[in-house]
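K.L.:
In the working numbering, the protein residues as written are 4 to 290.
1) Spell out the partners DSSP gives residue 93 in its beta bridges.
2) May I ask you to report which of helix, strand or coil DSSP gives residue 136?
3) By Cβ distance below 8 Å, which residues in the same chain neighbour residue 264 in space, the five residues on each side in sequence not counted?
4) Mapping the DSSP letters down to three states, classify residue 85 as helix, strand or coil.
5) What did DSSP end up calling residue 198 once you bin it into helix, strand or coil?
6) Who are the near neighbours of residue 165 in its chain, counting only those whose CB is closer than 6 Å to its CB and skipping five residues on each side?
7) What's the call for residue 210, buried or exposed, on a 16-neighbour Cβ count within 10 Å?
8) Bridge partners of residue 285, per DSSP?
9) With a CB to CB cut of under 7 Å and the five nearest residues on each side skipped, what residues in its chain are close to residue 272?
10) Within the same chain, show all residues whose beta-carbon is closer than 6 Å to that of residue 183, passing over the 5 residues directly before and after it, in chain order.
11) Terminal residues of the continuous alpha helix (DSSP H) containing residue 129?
12) What is the DSSP secondary structure of residue 215, counted as helix, strand or coil?
13) Does residue 265 come out as helix, strand or coil in the three-state DSSP assignment?
14) Leaving aside the five residues before and after residue 302 along the sequence, list all residues of the same chain whose C-beta is less than 8 Å from its C-beta, in chain order.
15) Thinking C-beta only, is residue 234 closer than 8 Å to residue 207?
16) To the nearest angstrom, report how far apart residue 22 and residue 178 are at their CA atoms.
17) What do you reckon, are the CB atoms on residue 13 and residue 88 nearer than 8 Å?
18) Assuming residue 22 is part of the beta strand (DSSP E), what are its boundary residues?
19) Could you tell me the boundaries of the alpha helix (DSSP H) in which residue 225 lies?
20) Alpha helix (DSSP H) containing residue 41: first to last residue?
21) Looking at the strands, I want to know which residues DSSP matches up with residue 149.
22) Helix, strand or coil, according to DSSP, for residue 12 in the structure here?
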């Protein structure tokens with residue numbers, strides 16, 4: 004294990020591809036990106052974003068990097084991000100730490116033939132992250148909960164203990180590898196009310212995850228694997244130029260959207276923890 008040292012920060016002018024999507028839905032590590040990551044001797048805070056393609060994931064990651072451009076924003080029906088892209092910047096609130104931002108390829112792309120590839124991307128995001136941002140549009144509904152069925156498939160891909168050991172211990176160890184979970188709902192148009200009473204965004208999420216009579220596998224999975232949960236909702240950023248957000252100043256955007264974006268970024272900066280491995284050991288980029 005590489006010791007964590009307080010070295011100089013690694014500053015990247017733009018993102019690079021970390022995990023490449025090559026032929027037949029196989030992936031490989033980009034050696035250039037690996038060299039950059041390995042040069043980071045500071046503790047790292049790793050934030051990744053996952054979700055359906057064409058839902059504005061890259062815009063949020065650019066905002067976390069303090070930029071309007073960087074991660075590619077597309078304005079067509081095709082998925083723009085391929086594989087997993089990485090951007091390392093000095094942590095804006097914690098001196099001596101590096102913020103590693105990971106923008107992932109959109110889930111559910113109709114141009115992909117093998118849906119197992121989505122599971123691989125999701126799994127890599129979970130294993131690499133301190134905080135996982137799940138980005139959706141509209142509402143938290145059953146369809147979106149079903150998308151999180153990837154969670155139930157992860158145990159087939161990740162083995163943190165021998166299969167001969169106690170299953171409860173294995174499950175407990177497995178959960179320790181999971182990052183904190185932030186559900187982001189974009190283009191939200193509903194009133195935050197339940198039974199006629201105004202509720203917080205967190206209460207909105209917890210109500211969606213409340214166990215109900217019948218099949219609760221998906222809800223139990225999310226609740227168990229992500230004990231640390233947070234929710235943000237975003238209104239539409241603007242009535243015009245919706246697909247060219249990187250060209251707009253904050254003054255061109257809806258004030259509520261700007262406020263929600265700033266609150267989201269502040270939460271990520273203040274609450275995302277350093278990446279650790281088993282035993283609570285902090286890691287740096289070369290670990």
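Note that the Cβ used here is the ideal one computed from N, Cα and C, for glycine as well.
P.N.:
According to the structure data:
1) 101
2) strand
3) 63, 66, 237
4) coil
5) coil
6) Caution is warranted here: a pLDDT of 47 is assigned to residue 165, below 50, making its placement in the model unreliable, and no coordinate value can be reported.
7) exposed
8) 279
9) 95, 96
10) 134, 231
11) 119 to 131
12) coil
13) helix
14) Limits of the chain in this structure are 4 at one end and 290 at the other, which puts residue 302 out of reach.
15) yes
16) 24 Å
17) no
18) 19 to 25
19) 220 to 228
20) 34 to 41
21) DSSP, once it has assigned bridges, lists no residue as partnering residue 149.
22) coil
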